[in-house]
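Peer 1: Residue numbers (our numbering): 103 to 218.
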Amino acid sequence: MAKRKNTKSNISVKDILKGKFLVDDGSMQNWRFVMFLMLLAFISISSSHWIDKKVVQINKLDEEVSSLKSQYTDAHRLLMGLQLEPEIIRQSASIGISLTEEQPYVLIKKVYDSQP
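Here it is as structure tokens:
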């Protein structure tokens, strides 16, 4: 019986662990594949970090929006209180303006036509 030469189908797990597939003949294709896998791993890790940064940024912006909404609600509540009639009377009394007891006059302007 003739000895078989080591072919690609006879590669064992032990040979893979030793790294023989990287130093044997035709290993350039294996190196290209390993580099391709490393590039994919780098892209995957980079995109994961980028997405994590975006998630943190989105959470900060959501908190800021929530804070601004509560500030708007408080300011709106105060403004609505200032627009009430008793508050207007109180504010105007502090500067010397008061309500009159007399009815206001209505001025009506009559327009005459110049044509007969």
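We put the CB at the ideal spot given by N, CA and C, even for glycine.
Using the Cα positions of Gln-173 and Glu-204, report the straight-line distance between them to the nearest angstrom.
Peer 2: Numbered from its first residue, the sequence shown carries residue 173 at position 71. Numbered from its first residue, the sequence shown carries residue 204 at position 102. The straight-line gap from Cα to Cα measures roughly 42 Å.
Peer 1: Using 8 Å for Cβ pairs, my map puts Ile-191 next to Leu-201. What's the rounded Cβ distance?
Peer 2: Taking the first residue of the sequence shown as 1, we reach residue 191 at position 89. Taking the first residue of the sequence shown as 1, we reach residue 201 at position 99. Confirmed, Cβ separation roughly 7 Å.
Peer 1: Lys-156 to Lys-120, Cα distance in whole Å?
Peer 2: The residue given as residue 156 occupies position 54 in the sequence shown. The residue given as residue 120 occupies position 18 in the sequence shown. So the two alpha carbons sit approximately 41 Å from each other.
Peer 1: To the nearest angstrom, how far is the alpha carbon of Phe-123 from that of Leu-163?
Peer 2: Here residue 123 refers to the residue found at position 21 of the sequence shown. Here residue 163 refers to the residue found at position 61 of the sequence shown. Approximately 51 Å, taken between the alpha carbons.
Peer 1: Can you grab the Cα-Cα spacing for the pair Arg-134 / Leu-142, in whole Å?
Peer 2: Along the sequence shown, read from residue 1 onward, the residue named residue 134 stands at position 32. Along the sequence shown, read from residue 1 onward, the residue named residue 142 stands at position 40. Going by the C-alpha atoms only, they are around 12 Å apart.
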